[in-house]
Structure formats: C-alpha cells, structure tokens
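Asks:
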Amino acid sequence: MQTQSRVVDIYRVVDNRLNHFQAAFVNMDHLRLIVTFARAAEAGSFSKAARTLGVTPQAVSAQIRQLEQQVGVRLFYRTTRSINLTEEGRAFHERCRAGMETIQGGLDVLRDRTEQMVGTVRLALPYAISFELVAPLMGRFMDRYPQVRVDMLTLNQLPDVVEHGVDVGIIGGELPSSSLVARKAGTFNHVLCASPAYLDEWGVPGHVDDLRDHRCVLLRHPRTGRLWPWTFQSGGDIVTLNPEGALSVQDAESQHRAVLHGAGIGQIASYYAAPHIRAGRLLPLSIGYVSRQVDVHLYLPQRDHIPLRCRALADYLLAELKRNPDLAPATF
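Sequential numbering from 2 applies to the sequence shown in our numbering.
What follows is the structure, given as structure tokens:
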C-alpha cells in the first residue's frame, strides 16, 4: 500500500508540474524538448537518442537539462556510462508516450487524407461552364475515384478562395489575382447566332445596323442590373455594341435556351453554340465583325501542399477540357 501511495504521489507531482509547464511554456521549442526526452527514455542512452534525432549527445544532454529546469523535476539519473529514468521520469514518459501516440495518429490521418484519394474537393466555376463543359465530365471522375466527393460551387465571378474554401477553380477571362496558380484550359469566342425558324420569319441581318430591326436576347448582370454589351474585334480595334434587348436574362444558360428556341439573336459562347450549329439547330451570323476570344483557366489557390485528391481533379479536368473540340475559337 505504501508503494502504491508513493506512485500516486509521483503521478500527482508530475501532473502538477505538467499543468504548470503547459500553462507557461507550451510552444514548438518545448515540444522539441519533450520529443528529445522521449527518444532518450526509449533509447536508454543520450548517444543513441542523438543518432536518432540527428544531433550530438551534448545537444541531447543540454535539452534534457533545460527540460528538467523548466518542469522543476529530475527526469534521469546519470552516470558517465548510463542513464536511468527517475520515478518522476517514468511517470512523465508514460504521459509523453500517450500524447505522442495521439499526435502521431493525427499526423497519420493528415498524411492519409493528403496522399490517398479520399475526402472532398470544392470546385468553383461559372454556371455556364459548369453546365456545358464540366458537369458532363464528373461521372467518369467519380467512377475513377469513388471515395472522392466533389462540391461544385457555381459563381459567375472569381470567388474569394479563402472565404469559400476553394480547392480548384475554373474561370473564363483574365485572372485578376496573380497569387493563383493557373493553367490555360482552352479558348472560346462568342458567336452571333439565331435559330433557323427565327431567321425564316425575321430575315438574316448582314450589317450591324440591321440589328435594330431584330429581337436581341441580352444578358443582364445579376448584381448591377447592367446589360452586358456585345463586343467584337475589327482589325486591331475593339467594337462594343449595345443593342436594344427584346429579352434580357440574368444567366447564360437561359440566354442560350431562349435563342435556341427562337426568341431572337444572341451572342452565345462558342462551346455552347458549336454543337447546335453543326446539328443545324442554330445558324451563325456575320455582321462584319469578329468576336473577341476569351481564355479559360483552371486555377489552384496555392502551389504547395496540394492534397492528392485536389491535384487529381485539376489534372483530370485540365486534360479533358483541352481535348474538347468546342473549347476553341469557332469559325463558321
């Protein structure tokens, strides 16, 4: 009973010292001292612990002395040839070992989630690019990586990657942030087009002035309410048109569908228009100008420490988008 009481007293002393140490000293330097102590206790020798840690035996001895001074307890009996844990040292080592196993378990979880195909990837992209280009690709990715979940966040502007927790993103147009790691995935332009049924009824415009006699389907900015102008290139100049809209909508997909079903003339992204033009459901129009090209970029918020699941999705989408024949400037 006396021995058991002595052990309980030792644990109480160690707990009190640890609580004081934790309140006053916990930082990375002191965690390093605890690791050195644990290695020395397991090795039974400062020299062996030094080899494990890649330092000199003198450095190990100095760190143990520093730790003993800070906790106010002797942890080792020392001779010139050997070391042995004191009773307080053994109690401290048991606590340290349990804590280090918990930390190692946490590190293993992080490594597994970083190095294995498991977890969630948040993908941010514009609605039209999501609907037309990316959503059709996701089934094959999920078949390939069944333990990876993808959360698609559709925004028509570059999001705050920190606020929205973005892992991978796609955007059309210029990248406003130089801190993003971006790769070009393709290029598109906007095609002026209408349905055959609409053109049969209203005629085919051959000049920009003819648009005054036609119904135009325009995009309206969802936040500002401003109508997006139609932009073209003429030689080296940029030409901006502001046609009167018979119909205005707040998203590109509604504009696409309205034009496809005869609502009027629209300036449509080539990746949407191209398959419908090939099938004869839309007809391209020429009014003497060439539409401007828009680059599509895939981006990552940072270059380093990218989980494998995020890199896998980025590489997959980049390869698939580059192979898409409709993600290229259209000529009709």
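In this text, a Cβ means the ideal position worked out from N, Cα and C, and glycines have one as well. Keep in mind that this is a model prediction, so the values were computed, not measured.
Taking the continuous beta strand (DSSP E) assigned at Phe189, which residues delimit it?
Replies: Note, Phe189: beta strand (DSSP E), Val182 to Ala195.
Asks: Cutting at 7 Å between CB atoms, please list the residues of its own chain near Gly173, excluding the five before and the five after it.
Replies: Once the five neighbours on either side are set aside, the close Cβ partners of Gly173 are Pro127, Ile130, Val295 and Val297.
Asks: Can you have a look at Ala320 and say buried or exposed, based on whether 16 or more other CB atoms are within 10 angstroms of its CB?
Replies: Exposed, because fewer than 16 other Cβ atoms sit within 10 Å of the Cβ of Ala320.
Asks: Along the chain, where does the beta strand (DSSP E) containing Tyr273 start, and where does it finish?
Replies: Premise fails: Tyr273 lies in the alpha helix (DSSP H), Ser271 to Arg279, not in any beta strand (DSSP E).
Asks: Going by the DSSP bridge assignment, what does Leu220 pair with across the sheet?
Replies: Per DSSP, Val250.
Asks: Would you mind stating whether Phe142 and Leu314 have Cβ atoms separated by less than 8 Å?
Replies: It is a contact, given that the beta carbons lie within the stated cut-off.
Asks: Which of the three DSSP states is assigned to Thr80 in this structure?
Replies: Three-state result, Thr80: coil.
Asks: If we count the other Cβ atoms within 10 Å of its Cβ and call it buried at 16 or more, is His222 buried or exposed?
Replies: Its Cβ having fewer than 16 others within 10 Å, His222 is exposed.
Asks: Does the separation of the CB atoms of Leu328 and Phe233 fall below 8 Å?
Replies: Result no, Cβ atoms of Leu328 and Phe233 do not sit closer than 8 Å.
Asks: Jot down the residue ranges of each uninterrupted beta strand (DSSP E) in the stretch 26 to 105, minimum 3 residues, whole runs only, in chain order.
Replies: Fully enclosed beta strand (DSSP E) runs of 3 or longer: 77 to 79 and 84 to 86.
Asks: Go through its chain and collect everything with a Cβ distance to Pro330's Cβ below 6 Å, but skip five positions before and after it.
Replies: Answer for Pro330: Thr188, Asn190 and Gln294, listed in chain order.
Asks: Please tell me whether Cys311 and Val122 are closer than 8 Å, where the distance is taken between their beta carbons.
Replies: Cβ atoms of Cys311 and Val122: closer than 8 Å.
Asks: When the Cα of Gly267 is compared with those of Pro285, Arg279, Gly281 and Val135, which residue comes out closest?
Replies: Ranking the options by Cα distance to Gly267, first place goes to Pro285.
Asks: Can you list, in chain order, the residues of its chain with a C-beta nearer than 6 Å to that of Ala280? Leave out the 5 residues immediately preceding and following it.
Replies: Answer for Ala280: no residue qualifies.
Asks: From Gln67 to Arg75, what does the alpha carbon distance come to, in whole angstroms?
Replies: Those two C-alpha atoms are separated by around 11 Å.
Asks: Below 8 Å on the Cβ atoms is my guess for Ile288 versus Pro206; work out the distance and round it to an integer in Å.
Replies: Indeed, because the Cβ distance is near 6 Å, the residues count as touching under 8 Å.
Asks: Could you say if the stretch 29 to 48 and the stretch 71 to 86 meet the contact criterion of at least three C-beta pairs nearer than 8 Å?
Replies: Yes, the stretch 29 to 48 touches the stretch 71 to 86.
Asks: Leu19 to Val72, Cα distance in whole Å?
Replies: The predicted model places Leu19 with a pLDDT of 48, which falls under 50 and marks its position as unreliable; any figure quoted below should be read in that light. In a straight line, the C-alpha of Leu19 is about 7 Å away from that of Val72.
Asks: State yes or no: is the C-beta of Leu34 within less than 8 Å of the C-beta of Gln64?
Replies: Contact: yes.
Asks: Tell me, please, whether the stretch 204 to 219 touches the stretch 237 to 246 by the rule of three or more beta-carbon pairs shorter than 8 Å.
Replies: They touch, by the three-pair rule.
Asks: Counting only the same chain and skipping the five closest in sequence on each side, list residues whose C-beta sits under 8 Å from that of Leu228.
Replies: So the list reads Leu219, Leu220, Arg221, His222, Asn243, Gly246 and Ser249, once near-sequence residues are dropped.
Asks: CB-CB under 8 Å to Val119, same chain, minus the five flanking residues each way: which ones, in chain order?
Replies: Excluding residues within five positions, the ones whose Cβ falls inside 8 Å are Asp113, Gln148, Val149 and Arg310.
Asks: Using only CA atoms, which one of Leu124, Leu181, Arg213 and Ser235 lies nearest to Gln303?
Replies: Nearest option by C-alpha distance: Leu181.
Asks: Can you tell me where the beta strand (DSSP E) holding Asp238 begins and where it ends?
Replies: It spans Asp238 to Leu242 - the beta strand (DSSP E) in which Asp238 sits, taken as one unbroken run.
Asks: Put Leu139 into one of helix, strand or coil per three-state DSSP.
Replies: It is Met, not Leu, that sits at residue 139 in the sequence shown. Met139: helix per DSSP, three-state reduction.
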